[in-house]
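A short worksheet on the structure shown next.
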Amino acid sequence: MPHGKREQYLANHIAVSFEGEFIKVVNASTRSNLTIHQALTLRDEEFDIFLRNEKTRYFTVVSDFKASYHDVLFLPPAKDKYLKKLVESEVRRRAPELQDFSFFYLVLGEAVREGKRGKDVFAFAVSNAELFQIVNRFSRHNKIVRHIYPGVFVLSRLVYSSVEMTDEPLLCVMESGLSKTLFLVKEGKPYFVRAAQSHESGLHDLDLDVHDINMTVNYCRQTLKLMPSQIVLLGNAYKKYETAADFTVPAVCMKAPYNVRAPKEWDVMDFIVPLSSLIPDKELGAANILPQSYRFFIFQKSILTYLMMLFLILSGLGIGYMKARVSDLSKTRGAIDLLRAEIRHMEPSLPRYEAGSREVHKLMPLISFIKR
Numbered sequence: 006m007p008h009g010k011r012e013q014y015l016a017n018h019i020a021v022s023f024e025g026e027f028i029k030v031v032n033a034s035t036r037s038n039l040t041i042h043q044a045l046t047l048r049d050e051e052f053d054i055f056l057r058n059e060k061t062r063y064f065t066v067v068s069d070f071k072a073s074y075h076d077v078l079f080l081p082p083a084k085d086k087y088l089k090k091l092v093e094s095e096v097r098r099r100a101p102e103l104q105d106f107s108f109f110y111l112v113l114g115e116a117v118r119e120g121k122r123g124k125d126v127f128a129f130a131v132s133n134a135e136l137f138q139i140v141n142r143f144s145r146h147n148k149i150v151r152h153i154y155p156g157v158f159v160l161s162r163l164v165y166s167s168v169e170m171t172d173e174p175l176l177c178v179m180e181s182g183l184s185k186t187l188f189l190v191k192e193g194k195p196y197f198v199r200a201a202q203s204h205e206s207g208l209h210d211l212d213l214d215v216h217d218i219n220m221t222v223n224y225c226r227q228t229l230k231l232m233p234s235q236i237v238l239l240g241n242a243y244k245k246y247e248t249a250a251d252f253t254v255p256a257v258c259m260k261a262p263y264n265v266r267a268p269k270e271w272d273v274m275d276f277i278v279p280l281s282s283l284i285p286d287k288e289l290g291a292a293n294i295l296p297q298s299y300r301f302f303i304f305q306k307s308i309l310t311y312l313m314m315l316f317l318i319l320s321g322l323g324i325g326y327m328k329a330r331v332s333d334l335s336k337t338r339g340a341i342d343l344l345r346a347e348i349r350h351m352e353p354s355l356p357r358y359e360a361g362s363r364e365v366h367k368l369m370p371l372i373s374f375i376k377r
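Per my numbering, the very first residue in the sequence shown carries number 6; after that it's consecutive.
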């Protein structure tokens, strides 16, 4: 398992992907290029140790979920503000076992089915119970998850931008442990997702992997009316390609994105899933499947943090003001004490002043007579 040396970097992002029995971690900076500073492959029991020692507080997570639903829905041509409700209602009808769930959707385009005009919408829903299992694991170590993405979405965007930007459908094959995910991509959007289990890692005749892929190609052509122009192999699907069988369409190996920089000892494609969530893409935010209640909790926590900082700043200013006032009061008190001393010094002369004042008062009639 490759391990990167632990260093601290400024303005970096950490992405974590849960891939079977392993957890991939990438620490990278996203300036002009995406530069990898740390890449780790951890077992489940090692991940909590990593979180406990890691100083970064915010994380992006990519996962293939167990309790999920994904499909292309044909919906009425409703306005966008009503479309979300329609998607949610349809998911509840089709996947009642999810009960409480979070979801996102992508409009694939206008469509006509049986003479009716509508919209094809790709919907992806995940049980909130599974999502909270993820965020709670981070919360135990005082970490915050800012984004949770389905692996098929981030990889769909990456494949579209990397395989010559073709508009033709692509059938992608990604492996996580003994699980293989096949997903159809067109213009960066997933149209179809299928998971399959294998007996061993890689592509082999014994697992009938190639047969399964060719059957999926036929399904896309016959049922979805989308014929893949290429099969794109990712991860161990191309690194352990050990079969003499042929695909029904050309197969290509996914290459590392041109704008990713990493030390030579790391194979970028080993960490392509977490990396794909860090490569800037304006449409990534739409697939953030964090539960709304968790987002609201994080929002409240952020507000409280800002208010606490404001309170501390105002307290500091208040203390400074009080110190200045105390200094002014000290000066005023000194002046008062000086006046009191002068008054005490003048007190012995007061009887003489009063006696003289009485003598002057007696002479006032005489003085007034002389002035006449």
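C-beta: ideal position from N, C-alpha, C; glycine also.
N-terminal and C-terminal residue of the beta strand (DSSP E) that residue i is part of
i      : result
Leu175 : 175–181
Leu160 : Here Leu160 belongs to no beta strand (DSSP E); instead the alpha helix (DSSP H) covers 156–167.
Asp76  : 73–80
Leu103 : No beta strand (DSSP E) holds Leu103; DSSP gives it neither H nor E.
Glu24  : 17–24
Tyr263 : Taken as a continuous stretch (DSSP letters only), Tyr263 belongs to no beta strand (DSSP E), as it is neither H nor E.
Leu187 : 184–191
Lys230 : Here Lys230 belongs to no beta strand (DSSP E), and DSSP marks it neither H nor E.
Val257 : 256–258
Ser34  : 27–35
Phe197 : 194–202
Integer-rounded CB distance, given that residue j should sit under 8 Å from residue i
i      : j      : result
Val190 : Tyr165 : 6 Å
Val278 : Ala261 : 13 Å between Cβ atoms; not a contact.
Gly156 : Val96  : In fact, because the Cβ distance is near 19 Å, the residues do not count as touching under 8 Å.
Val131 : Ser73  : 5 Å
Val126 : Val92  : 6 Å
Ile153 : Leu175 : Not quite, the Cβ-Cβ distance comes to about 24 Å (not below 8 Å), so this is no contact.
Leu238 : Ala256 : 6 Å
Tyr299 : Val140 : 6 Å
Counted within 10 angstroms of its Cβ, other Cβ atoms place residue i as buried (16 or more) or exposed
i      : result
Phe108 : buried
Arg162 : buried
Glu24  : buried
Asp212 : Residue placement at Asp212 cannot be trusted, given a pLDDT of 49 that sits under 50; what the coordinates show is reported in the next sentence. That one is buried.
Asp69  : buried
Met327 : exposed
Gly339 : exposed
Lys336 : exposed
Cys258 : exposed
Phe316 : exposed
Glu119 : exposed
Met179 : buried
Thr388 : Outside the displayed range of the chain (6 to 377) lies residue 388, so it cannot be described from this structure.
Phe129 : buried
Phe106 : buried
Ala291 : exposed
Phe304 : exposed
Thr61  : exposed
Phe52  : buried
Ala134 : exposed
Ser22  : buried
Residues of its chain near residue i, where Cβ-Cβ distance is below 7 Å and the 5 sequence neighbours each way are ignored
i      : result
Phe252 : Val215, Ile218, Asn219, Ile236
Gly123 : Phe79, Leu80, Pro81, Pro82, Ala116
His18  : Ala33, Thr35, Thr65, Leu283
Thr40  : Ala33, Ser34, Arg266
Tyr63  : Ile149, Arg151
Asn264 : Asn38, Leu39
Ser167 : Met259, Lys260, Pro262
Ser181 : Glu24, Gly25, Asp69
Tyr87  : none
Thr221 : Leu176, Leu187, Arg199
Neighbourhood of residue i by C-beta, 6 Å cutoff - its chain only, sequence neighbours within 5 removed
i      : result
Phe276 : Lys29, Val31, Ala44
Arg48  : none
Phe188 : Val157, Cys177, Pro195, Val198
Leu295 : Ile153
Ala201 : Lys185, Asp217
Delimiting residues of the alpha helix (DSSP H) encompassing residue i
i      : result
His216 : 214–227
Ser68  : Not the alpha helix (DSSP H): Ser68 falls in the beta strand (DSSP E), residues 63–68.
Gln138 : 133–144
Val96  : 85–99
Leu56  : 49–58
Distance cut-off 6 Å: residue i Cβ against heavy atoms of the ligand ATP
i      : result
Asp272 : Summarising the ligand content, the structure contains no ligands, and the ligand ATP is consequently not present.
Proximity test, Cβ basis, 7 Å: residue i and chain C
i      : result
Asp217 : Here chain C cannot be found, since the structure has a single protein chain.
Own chain, CB closer than 8 Å to residue i, minus 5 neighbours either side, in chain order
i     : result
Arg57 : His146
Ala20 : Val30, Val31, Ala33, Phe64, Thr65, Val66, Val67, Pro279, Leu280, Ser282, Leu283
Ignoring anything shorter than 4 residues or poking outside the segment 270–306, list the alpha helix (DSSP H) runs there in chain order. 277–281
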